[in-house]
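Enquirer: Its first residue numbered 1, the sequence shown is counted upward by one per residue in full-length UniProt numbering. We put the CB at the ideal spot given by N, CA and C, even for glycine. All values derive from a computational prediction rather than experimental measurement. Got a structure here, written out as structure tokens. Questions coming.
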Amino acid sequence: MKIPTQPTENNLPDRQFILLALAIVVSGLVLRLLHLDFSYSNDELSALSRVRFSSFSDLVSKGFYVDGHPGGIQVFLYYWVKLAGMSEWAVRLPFALAGTLGIWITIKLFTRWFGQAAGLFSGAFIAFLAFPLLYSQIARPYGIGMTFCMIMVWYWTRLLFDEKPGIIIAFTYALSTAACMYTHYFSFLLALITGLSGLFLMKKDRVYHYTGAGLLAAILFSPHIAITLNHLSIGGVGLWLAKPAWNWPLLHIASVFNNSMMIAGLVVLIIIIQARYYKSQPEIRIFRALSLLYFILPMITGFIYSRWINPVLQDSVLIFAFPFFLGFLFSFSAGIPKRLVLVMTSLLLIAGISQTVFINNYYSRQHFGEFRGVARAICSWNQTYGPDNITRAISVNNPWYIEFYMKQENACETTFSQYDNRGGADLEALKKILDDADTPMFAYAWTKPVPPEIRDMILARFPCIVENRNFSGLSDATLFAGKNHSSCNNEASKTVLFSSPVPANPDTGTFPEFYPGYEGKLNELPYDSADQLVATVEARTKEQLSGALLVASFHEDDGETLLWTASKFDLFTLADSISTVRLTIPVQENDLYHKKMKIYVWNPQKKELEIRSLTIFTEPFPEHSGTTANPTRK
1 MKIPTQPTEN NLPDRQFILL ALAIVVSGLV LRLLHLDFSY SNDELSALSR
51 VRFSSFSDLV SKGFYVDGHP GGIQVFLYYW VKLAGMSEWA VRLPFALAGT
101 LGIWITIKLF TRWFGQAAGL FSGAFIAFLA FPLLYSQIAR PYGIGMTFCM
151 IMVWYWTRLL FDEKPGIIIA FTYALSTAAC MYTHYFSFLL ALITGLSGLF
201 LMKKDRVYHY TGAGLLAAIL FSPHIAITLN HLSIGGVGLW LAKPAWNWPL
251 LHIASVFNNS MMIAGLVVLI IIIQARYYKS QPEIRIFRAL SLLYFILPMI
301 TGFIYSRWIN PVLQDSVLIF AFPFFLGFLF SFSAGIPKRL VLVMTSLLLI
351 AGISQTVFIN NYYSRQHFGE FRGVARAICS WNQTYGPDNI TRAISVNNPW
401 YIEFYMKQEN ACETTFSQYD NRGGADLEAL KKILDDADTP MFAYAWTKPV
451 PPEIRDMILA RFPCIVENRN FSGLSDATLF AGKNHSSCNN EASKTVLFSS
501 PVPANPDTGT FPEFYPGYEG KLNELPYDSA DQLVATVEAR TKEQLSGALL
551 VASFHEDDGE TLLWTASKFD LFTLADSIST VRLTIPVQEN DLYHKKMKIY
601 VWNPQKKELE IRSLTIFTEP FPEHSGTTAN PTRK
């Protein structure tokens with residue numbers, strides 16, 4: 001087989017090419033070091049919570065044997081935090097530097113495969129796109145794993161296509177392959193695909209070097225095999241991650257290009273220029289095919305596995321193969337004149353950085369759940385109103401995640417009555433906390449999605465919102481208070497649509513299954529779709545657990561149910577006491593405005609129940625509720 005040679009076109013002078021490459025790399029470095037001290041993400045805190053062990057054996061058994069990821073990054077963090085501490089900037093610095101190195105290797109690899117223009121264009125996109133930028137700014141395996149993959153393929157290329165590769169190249173290829181295997185299972189997959197593809201390309205004089213390198217990589221990974229087998233038996237992200245939709249690959253491609261028409265326009269412009277100056281180069285077709293293969297195969301594998309076995313596919317796990325998509329797109333650029341390469345590279349850097357930083361607002365966006373901001377909110381309220389005047393609850397995956405930041409806020413260590421809420425028994429526990437609360441204020445925070453009932457449960461007892469700090473719908477902290485609090489910010493914004501006492505309750509001993517409520521259409525009420533719809537009833541129950549429901553439903557004229565949702569009285573009421581039951585109705589679709597709406601009390605067990613009033617009103621939507629409505633749709 002003929003050895004592919006580096007394209008001879010473009011031919012930028014070495015000095016000019018190096019200056020352009022350095023401009024790209026330095027730009028990428030600056031972007032990665034800016035604002036590196038933002039709040040740790042949930043995944044980072046999870047990793048950091050699992051490095052607090054006194055022995056390496058504990059790190060293995062408790063740190064990553066049970067995690068679902070290979071142990072390479074966890075081992076690195078274990079030793080790195082001992083040296084550098086736990087501050088965000090210090091912990092993330094090596095990951096940002098590794099991500100920057102990945103830009104340089106991308107330029108080198110695709111320059112060799114396809115020419116100078118392909119290398120510079122691909123490196124520029126890696127430098128400024130939010131996708132590789134973000135995953136180079138967090139202490140997780142993604143950005144650094146992409147760099148390991150590019151190094152691996154670089155030495156794979158040299159081992160197979162250099163005139164005399166030698167043992168050192170083979171050894172370095174083995175080490176970089178092992179690094180991919182220890183970093184993430186999708187970088188492992190790419191290393192496997194790359195290694196197998198090389199079997200079809202190697203010449204006879206490379207057999208021993210190539211197979212020896214593969215064997216060495218396998219030996220280096222062998223201590224991890226038992227751990228990997230355990231990982232395969234763990235549900236992992238499939239326990240909470242949904243199956244990808246059929247259009248997921250298209251959405252992924254849009255996402256990695258910042259969901260931006262401007263970035264798409266730059267790509268299209270390059271494709272048009274490539275077509276204008278296209279020159280056939282048969283010797284690089286194999287690299288073009290490999291680029292497409294290395295990008296497509298991990299996506300197809302992850303998609304099939306996620307659809308039919310266990311969901312694992314997320315944008316982040318495809319970052320290892322992403323540079324090869326860029327390499328393929330720009331692999332037709334060897335014929336572009338060198339002056340135009342200079343102009344286009346400069347344009348890409350200026351336009352791309354501007355789009356990511358100023359139009360996409362990368363540095364002001366909330367990319368992950370916020371923990372430091374939530375901790376600061378809680379501590380601020382404790383200092384303002386006194387910790388003894390606030391009952392606190394939070395939903396967080398691990399109490400240590402929030403405690404880590406609470407300790408940084410002027411030693412503001414506080415306790416929470418509840419640390420997680422996944423519905424069911426957790427809602428019942430929250431009800432008891434609310435019923436027993438003897439403080440005038442209640443603070444609730446979440447750093448992950450929570451059941452939709454929680455907000456209604458709190459507002460039924462603490463109807464005043466004193467302050468809310470929301471972090472783009474990824475985390476939230478709200479301070480609630482009683483009805484007469486002087487700093488109530490939400491009472492005046494309510495608009496009552498319907499309010500009526502319920503007709504006289506029946507005599508003791510005979511209690512109906514359904515209580516009269518409201519029946520009509522939303523378009524018959526002064527309803528503003530910009531607000532959320534809420535119904536409340538004032539009720540007295542003889543028993544604390546009545547099984548009654550406050551129901552809202554929408555129907556077609558023929559009776560077909562379009563939406564059905566309800567609040568359980570048992571989460572709101574106390575025995576022989578007047579209580580407020582609240583239901584937020586998820587009306588977010590215009591097709592419901594003209595449909596028949598019913599709001600009523602359903603008492604399926606016909607328990608002793610006194611309904612005093614029914615009120616329907618609107619109030620502004622919370623900026624981001626963090627909940628998902630719980631309707632039954634047909």
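1) Quick one: residues in its chain with C-beta nearer than 7 Å to the C-beta of Thr106, no 5 flanking neighbours on either side, listed in chain order?
2) Give the DSSP-derived three-state secondary structure of Gly386 in the structure shown.
3) Output needed for Ser262: all residues of its chain with C-beta closer than 6 Å, excluding positions within five of it in sequence on either side, in chain order.
4) How far does the beta strand (DSSP E) with Met86 in it reach, from first residue to last?
5) Buried or exposed for Leu12, going by 16 or more other Cβ atoms inside 10 Å?
6) Distance, Cα to Cα, Val312 vs Trp246?
7) Give me the residue from Phe131, Ile144 and Leu430 with the minimum Cα distance to Thr100.
8) Opposite Phe480 in the DSSP bridges: which residues?
9) Measuring only from the beta carbon, is Leu318 closer than 6 Å to any heavy atom that is part of the ligand FAD?
10) Which one of Leu533, Val551, Gly265 and Met406 has the shortest CA to CA distance from Phe498?
11) Would you report the Cα separation of Met202 and Asn361, rounded to the nearest angstrom?
12) For Tyr305, which residues of its own chain have a beta-carbon under 8 Å away from its beta-carbon, when the five flanking residues on both sides are left out?
13) Suppose the cutoff is 8 Å on Cβ atoms and the five residues either side in sequence are ignored; what does the same chain contact list for Leu342 look like?
14) Which of helix, strand or coil does DSSP assign to Pro223?
15) What does the alpha-carbon distance come out to for the pair Val256 and Pro622?
16) How would you call Thr478, buried or exposed, if buried means at least 16 neighbouring beta carbons within 10 angstroms?
17) Write down every uninterrupted run of the alpha helix (DSSP H) in the segment 533 to 576 whose length is 4 residues or greater and which is fully enclosed by it, in chain order.
18) Pick helix, strand or coil for Gly143, following the three-state DSSP scheme.
19) DSSP three-state call for Met202: helix, strand or coil?
20) Does the contact criterion of 3 or more C-beta pairs under 8 Å hold for the segment 430 to 437 versus the segment 399 to 416?
21) Who are Trp602's beta bridge partners in DSSP?
22) Can you give the Cα-Cα distance for Leu83 and Ser55, rounded to whole angstroms?
23) Compare the Cα-Cα distances from Leu45 to each of Leu318, Gly63 and Arg276 and report the closest residue.
24) Taking the DSSP output, what are the residues bridged to Phe332?
25) Select from Val374, Tyr385 and Ala411 the residue whose C-alpha is nearest the C-alpha of Ala393.
26) When you compare the segment 108 to 115 with the segment 127 to 134, are there three or more beta-carbon pairs, one atom per stretch, that lie closer than 8 Å?
27) How big is the Cα-Cα spacing for Ser87 and Asp37?
28) Does the Cβ of Gly265 have 16 or more other Cβ atoms within 10 Å, making it buried, or fewer, making it exposed?
29) Would you call residue 636 buried or exposed, if buried means 16 or more other Cβ atoms sit within 10 Å of its Cβ?
30) For Val587 versus Ala566, is the C-beta spacing smaller than 7 Å?
31) Answer yes or no: do Gly68 and His231 have a C-beta to C-beta separation smaller than 7 Å?
32) Assuming Ser41 is part of the beta strand (DSSP E), what are its boundary residues?
33) Is the beta carbon of Arg612 less than 7 Å from the beta carbon of Glu538?
34) My guess is that Leu609 and Ala548 are in contact by the Cβ rule of under 8 Å, so how many angstroms apart are they, rounded?
35) Quick one: is Ile18 buried, meaning 16 or more other Cβ sit within 10 Å of its Cβ, or exposed?
36) Bridge partners for Phe617 per DSSP, in chain order?
Expert: So, from the listed chains and residues:
1) Cβ within range, chain order: Ser122, Gly123, Ile126, Met150 and Pro323.
2) Look at Gly386 here: in three-state DSSP terms it is coil, with no helix or strand label.
3) Looking at the sequence provided, one finds Met at residue 262 rather than Ser. Hits under 6 Å: Gln355.
4) That residue, Met86, is in no beta strand (DSSP E); it is neither H nor E in DSSP.
5) Label assigned to Leu12: buried.
6) Taking the straight line from one Cα to the other gives about 15 Å.
7) Selected option, being the one with the closest Cα: Ile144.
8) Beta-bridge analysis with DSSP links Phe480 to Phe442 and Ile465.
9) Of the ligands one can find in the structure shown there are none, so the ligand FAD has no counterpart to examine.
10) Taking only the C-alpha atoms, the option nearest Phe498 is Leu533.
11) For Met202 and Asn361, the distance between alpha carbons rounds to 46 Å.
12) Counting only Cβ-Cβ distances below 8 Å, and skipping sequence neighbours, we find Val312 and Leu313.
13) Answer for Leu342: Leu12, Gln16 and Leu20, listed in chain order.
14) Here Pro223 sits in helix by DSSP.
15) Going from the Cα of Val256 to the Cα of Pro622 covers about 29 Å.
16) Using a 10 angstroms sphere on the CB of Thr478, the tally of other CB atoms reaches 16 or more, which defines it as buried.
17) Taken in chain order, the whole alpha helix (DSSP H) runs of length 4 or more contained in the segment 533 to 576 number zero.
18) DSSP places Gly143 in helix when its eight states are reduced to three.
19) In this structure, Met202 counts as coil in the three-state DSSP scheme.
20) With fewer than three CB-CB distances shorter than 8 Å, the segment 430 to 437 does not count as touching the segment 399 to 416.
21) Under DSSP, Trp602 takes part in a beta bridge, and its partners are Phe514 and Leu549.
22) One Cα belongs to Leu83, the other to Ser55, and the distance between them is close to 16 Å.
23) The shortest CA-to-CA distance from Leu45 to any of Leu318, Gly63 and Arg276 is the one to Gly63.
24) Answer is none; Phe332 lacks a bridge partner.
25) Looking only at Val374, Tyr385 and Ala411, the smallest Cα-Cα distance to Ala393 is reached by Val374.
26) Flag = no, the segment 108 to 115 and the segment 127 to 134 do not touch.
27) Cα to Cα, the separation comes out at about 8 Å.
28) Result: exposed.
29) Because the chain spans 1 through 634 in this model, residue 636 falls outside it and cannot be assessed.
30) For the 7 Å CB-CB criterion, Val587 and Ala566 do not form a contact.
31) Contact flag set, yes.
32) Taken as a continuous stretch (DSSP letters only), Ser41 belongs to no beta strand (DSSP E), as it is neither H nor E.
33) Yes, the pair counts as a contact, with Cβ atoms nearer than the cut-off.
34) Contact flag correct, Cβ pair sits at about 6 Å.
35) Exposed: under 16 other Cβ atoms inside 10 Å.
36) Phe617 is bridged by DSSP to Val496 and Val534.
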